[in-house]
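So the sequence shown is residues -7 to 101, counted in the numbering used here.
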Amino acid sequence: MMNQIRSDLRAVSDFAKWWDPENFNWNFSGCLAKYCSNCFEIWWDPEQYNWQSCAALASHCPQHFSLWWDPDKYNWNSKATRLLIKYCSAFLIYGGSRPVSRGKHILGI
């Protein structure tokens, strides 16, 4: 367990060294969510993130829900909505840092 923690800390440190948001192709934002969720607070930029990849946020970054949740930007396609319900429902029900809905029902209805 301790080795895993050290490995995770090293990975975050290494990511911070090479991460360059200016030169990153934000079309691949979903890859950041999928493979670099432990570095979320380093790479997260709601203005740059490709919201067509929001399903990756729901499935790989639910622990950061209060930071990324924006019902106006969320891509309400059926897959993304299913993943939102599956992985983030506890955050939606019990609240993140924002209200569950700003004029939009969670199911997009």
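Glycine residues also receive a C-beta, built at the ideal position from the N, C-alpha and C atoms.
Next item on the list: Please name the residue, chosen from LEU75, SER70, TYR66 and ARG74, that lies closest to PRO38 on a Cα-to-Cα basis.
Entry: Numbered from 1 along the sequence shown, position 46 holds the residue referred to as residue 38. The shortest C-alpha separation from PRO38 is found at TYR66.
Notebook entry, point to check: Which word fits SER45, buried or exposed, when buried means at least 16 other C-beta atoms lie within 10 angstroms of its C-beta?
Noted result: Translated into positions along the sequence shown, residue 45 becomes position 53. Burial is judged here by how many other beta carbons sit within 10 angstroms of a residue's own beta carbon; SER45 has at least 16 and is buried.
Check: For TRP60, does the count of other Cβ atoms within 10 angstroms reach 16, so buried, or fall short, so exposed?
Finding: Sequence index remark: in the sequence shown, residue 60 carries index 68 (1-based). Classification for TRP60: buried.
Margin query: With H, G and I counted as helix, E and B as strand and the rest as coil, what does DSSP make of TYR41?
Written below: Within the sequence shown, numbered from 1, the residue matching residue 41 stands at position 49. Coil.
Check: Near TRP18, what residues of its chain come up, given a Cβ to Cβ distance below 6 angstroms and the 5 sequence neighbours on each side ignored?
Finding: Locating residue 18 in the sequence shown gives position 26, counting from the first residue. Contacts found: GLN40 and ASN42.
Notebook entry, point to check: Taking all protein chains shown into account, do 16 or more other C-beta atoms lie within 10 angstroms of the C-beta of PRO13, making it buried, or fewer, making it exposed?
Noted result: Translated into positions along the sequence shown, residue 13 becomes position 21. So PRO13 counts as exposed.
Notebook entry, point to check: Do CYS114 and PHE7 have their C-beta atoms within less than 8 angstroms of each other?
Noted result: The structure shown does not extend to residue 114, since the chain is modelled only from -7 through 101, so no value can be given for it.
Check: What residue from TRP35, ALA82 and SER5 has the CA that sits closest to ASN15's CA?
Finding: Against the sequence shown, residue 15 aligns to sequence position 23. Residue nearest to ASN15 within the set TRP35, ALA82 and SER5 is TRP35 (criterion: CA-CA distance).
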